[in-house]
Amino acid sequence: MRAGGLRSVAASGAAACLVLAAGAVAAPAAPAPVAAGAGAEGSGTVVVRGLAFPEGRAMRLGFVGCQNIYDRAPETPQAMIGVGPGAAPAGERSLRYDLAGGNAVGALSFVSSVALTESAGLTAYAADGTTGVVYAGYQEPADRRTGLVWFGRADVVVPAGTWTRIEATDLTYSWSKWDMHAQAPVPVAAGTRPAPVGTLADMVVRHRGDGAGFVMTGLGCDGHEFAMDALHLDTAGTATTYDLEGLATSTRMLAPPVRRVVAGQDLDLGGTLVDSTGAPLSGVTMMLESRAAGSSTWEVAQVVDVDGTSPSVAVAPVTGTTYRWRFADRPMAEGSVSAPFTVQVVGGVSADLVGTGTERAITGAVTPAAPGSEAVLWRLDDGAWRRVATAAVGPLGGYRFDLPADAAGRWSVTLPAAPGRLEGRSPWLTVAGASTPEASPSPSATQSPTKSPSQSPTRSPSTSSTPSATASPTKSASAWATASPTKSPTASSSPSSSSSASASAGQSASGSASPSAGADTSTP
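Each residue of the sequence shown is one higher than the last, beginning at 1 in the UniProt record's numbering.
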């Protein structure tokens, strides 16, 4: 039975284990190991992400038979990563296997000096206990540059329900000489002394010399699930512990260049999720989180499936909002969060001219509805915008302004800025009989168009340059491209043919271009 909260390390499910093959101990032939990803080896602790052990021969995963190092039952070990069990010996996670029985998986280390190897092995846990085997290899000086190697074998047991350290250098082995090229034991001549028994250090003394070798500590011979962590090797003065952890991930926000939108306008936010090698993850989920302006709390906006491609979510903020992608921490991989992306929101204001003759009115709606706030009506009078009236916004966001009998001219409606919302402006409206200036601002490509009234034609604005925030006041009507309902206009404050998405927050009648409740007129 597999413990809960586990996840397969790779989509293929196959563990990347080295198998002892024909060749000398110093340079064994073996399948290619997992790509490196944990950093350089040396004294201290090395964090291994998934199965990405560092390059080199110091530490790998090995896969061997329990009775014979080369005699493995047909099986593809599947590695799992999970938190614990309990308090893991190193870090938070451990690597787990649930084998069929007869084989063993564990820590495999090749060393250039058996005499200088002080410690080798791992720490293991098995809820029901498990059995394993430790193989040690030693090549005596007389056999250098051949395939002849002494193999030692020792049985080990991990008791149930407790983390247990297995130290290979302390074990007593039954030794026999093998030909690694033939993957078979060397025939023993008649009358030869019984196979030696002893530790790795005993073999160095017995054969009067140091040599290269290996240590393989494997578990799972009885088919019980087990976890391992804190693989360790102390040789030639370098002591290293290998902390087995989940995959490292990186999350990135893919957002358009637009950072200001009209309230309710759709905006597509994409994201990416990759591991430490840059490979996309799949079969998991990501969360798009949002935080409203003025709030410190992140909320889940949407959960999306990740299938190896970049997910995308359409949002329609009605107030200034910051977004981020988050990949939650889980047994298989460590969590990550993208950089935040903040969107400023401009209040949307629609305006329509209704009625005929002397009974005309401007009606419209604001977005968001903002009931109880005030819409402000402006009129272009003798080249200057003059504040005419205010109207309370209704429960559904609507407003109405009744126009005077002499209504000829240009009109505009604004919605003042509020927390989380920039000032919004309607398109300007022209009542028949008005003298239309030649130089009026062109609608911005980023503006959200609002339908112009059909009752009264509106002259198309000319293609003038973008209004400047420092435009000089002038009485000339032809300078309307730099005018706004209050003081000197800017690209973010001029009444235009839409609700402008380039408005700026916090502007006042003194020293800025936004309409102010305290100013009745302004010079364009």
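We treat Cβ as the ideally placed atom computed from N, Cα and C, and that holds for glycine.
At what residues does the beta strand (DSSP E) containing residue i begin and finish?
{"i": "R400", "result": "G398 to D402"}
{"i": "M286", "result": "S282 to A292"}
{"i": "G270", "result": "L267 to D275"}
{"i": "F327", "result": "T321 to F327"}
{"i": "A124", "result": "T117 to Y125"}
{"i": "S109", "result": "N103 to V111"}
{"i": "T162", "result": "Element bounds for T162: n/a, residue is neither H nor E."}
{"i": "M253", "result": "T249 to L254"}
{"i": "Q67", "result": "From DSSP, Q67 is part of no beta strand (DSSP E); its letter is neither H nor E."}
{"i": "S412", "result": "G409 to L415"}
{"i": "A136", "result": "T130 to Y138"}
{"i": "W178", "result": "Y173 to D179"}
{"i": "V346", "result": "F341 to V346"}
{"i": "A239", "result": "T238 to E245"}
{"i": "T356", "result": "D352 to T356"}
How far does the alpha helix (DSSP H) with residue i in it reach, from first residue to last?
{"i": "L200", "result": "L200 to R206"}
So for residue i, helix, strand or coil by DSSP?
{"i": "A212", "result": "coil"}
{"i": "D143", "result": "helix"}
{"i": "T192", "result": "coil"}
{"i": "A391", "result": "strand"}
{"i": "T309", "result": "coil"}
{"i": "T76", "result": "coil"}
{"i": "A184", "result": "strand"}
{"i": "D382", "result": "coil"}
{"i": "A168", "result": "helix"}
{"i": "H224", "result": "coil"}
{"i": "F53", "result": "coil"}
{"i": "S499", "result": "Note on S499: pLDDT 36, under 50, position unreliable in the model; the coordinate value appears next. Residue state, collapsed to three classes: strand."}
{"i": "V262", "result": "strand"}
{"i": "R421", "result": "strand"}
{"i": "E92", "result": "coil"}
{"i": "F334", "result": "Correcting the residue type first, residue 334 is Glu in the shown sequence and not Phe. E334 falls in the coil class under three-state DSSP."}
{"i": "I362", "result": "strand"}
{"i": "P368", "result": "coil"}
{"i": "P427", "result": "strand"}
{"i": "T45", "result": "strand"}
{"i": "W150", "result": "strand"}
For residue i, does the count of other Cβ atoms within 10 angstroms reach 16, so buried, or fall short, so exposed?
{"i": "E55", "result": "exposed"}
{"i": "A73", "result": "exposed"}
{"i": "E359", "result": "exposed"}
{"i": "V258", "result": "exposed"}
{"i": "S312", "result": "exposed"}
{"i": "L200", "result": "buried"}
{"i": "V158", "result": "buried"}
{"i": "G397", "result": "buried"}
{"i": "A184", "result": "exposed"}
{"i": "residue 596", "result": "Outside the shown range of the chain (1 to 524) lies residue 596, about which nothing can therefore be said."}
{"i": "S109", "result": "buried"}
{"i": "S113", "result": "exposed"}
{"i": "T241", "result": "buried"}
{"i": "V133", "result": "buried"}
{"i": "H232", "result": "buried"}
Quick one, are the C-beta atoms of residue i and residue j less than 8 Å apart?
{"i": "residue 563", "j": "D275", "result": "Nothing about residue 563 can be read from this structure; the chain reaches only from 1 to 524."}
{"i": "A90", "j": "A227", "result": "no"}
{"i": "G121", "j": "E92", "result": "no"}
{"i": "V149", "j": "T172", "result": "no"}
{"i": "V393", "j": "S373", "result": "yes"}
{"i": "T319", "j": "G420", "result": "yes"}
{"i": "T249", "j": "W325", "result": "no"}
{"i": "A279", "j": "S290", "result": "no"}
{"i": "R153", "j": "S119", "result": "no"}
{"i": "T117", "j": "T235", "result": "yes"}
{"i": "F401", "j": "L429", "result": "no"}
{"i": "A314", "j": "G264", "result": "no"}
{"i": "H224", "j": "T322", "result": "no"}
{"i": "G213", "j": "Q139", "result": "yes"}
{"i": "L403", "j": "I362", "result": "yes"}
{"i": "L273", "j": "F327", "result": "yes"}
{"i": "V413", "j": "A375", "result": "yes"}
{"i": "T217", "j": "A107", "result": "yes"}
{"i": "I69", "j": "P331", "result": "no"}
{"i": "L267", "j": "V261", "result": "yes"}
{"i": "V306", "j": "L281", "result": "yes"}
{"i": "R379", "j": "V366", "result": "no"}
State the CB to CB distance for the pair residue i and residue j, rounded to an integer number of angstroms; the pair is presumed to be in contact (CB under 8 Å).
{"i": "S310", "j": "G271", "result": "6 Å"}
{"i": "S426", "j": "G364", "result": "6 Å"}
{"i": "T164", "j": "T123", "result": "7 Å"}
{"i": "D179", "j": "G147", "result": "5 Å"}
{"i": "C66", "j": "A104", "result": "5 Å"}
Would a check of beta-carbon distances place residue i closer than 8 Å to chain C?
{"i": "T321", "result": "Considering every chain present, this structure includes no chain C. It has just one protein chain."}
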